[in-house]
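What follows is a single structure, written as structure tokens, with notes after it.
In our numbering, the protein residues as written are 5 to 167.
See the structure below:
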């Protein structure tokens, strides 16, 4: 009996504590209520609904969604899914190749044209050099009137060359 009396007093004390706590919480909540209750922007800034708070590993499994997923996987085996992915990748690769061709093909034509012009100019340069080498009046001197050599090993004075 003593224990029953003690348990009852403990229960009463706990109930009194809970009631006092709930009264304090009610008073606290009332004093902290927003003055912007009717303001719609406050509701947008501080939403009361929990929307999209990430993955909850303890949430119950939606059996309907699992059934739909299993049916989808049964109808389309993994091989078909992978094949579809690779088909999409190939078509994307072909599109990118086409775009690259559209960009680089004109540049390649320009480079080819420049290369052929360089080769033509080099050919003309060879012809000019061979023509200069075959000329009978070809002289080692820069000055055509003065056939003095520009060889630095010959020690000829400028004064002597002009006489």
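In this text, a Cβ means the ideal position worked out from N, Cα and C, and glycines have one as well. Every value quoted in this text rests on a predicted model; they were computed, and no experiment measured them.
- Per DSSP, residue 114 is one residue of the alpha helix (DSSP H) stretching across 82-138.
- In the three-state scheme derived from DSSP, where H, G and I count as helix and E and B as strand, residue 20 is classed as helix.
- Its chain contains no residue whose beta carbon lies nearer than 6 angstroms to that of residue 118 once the 5 sequence neighbours on both sides are disregarded.
- Straight-line spacing of the CA atoms in residue 130 and residue 121 works out to 14 angstroms.
- Cβ neighbours of residue 83 within its own chain (closer than 6 angstroms, five residues either side excluded): none.
- Judged by DSSP in its simplified three-state form, residue 66 adopts coil rather than helix or strand.
- Excluding five sequence positions before and after residue 11, none of the CB atoms of its chain fall closer than 7 angstroms to its own CB.
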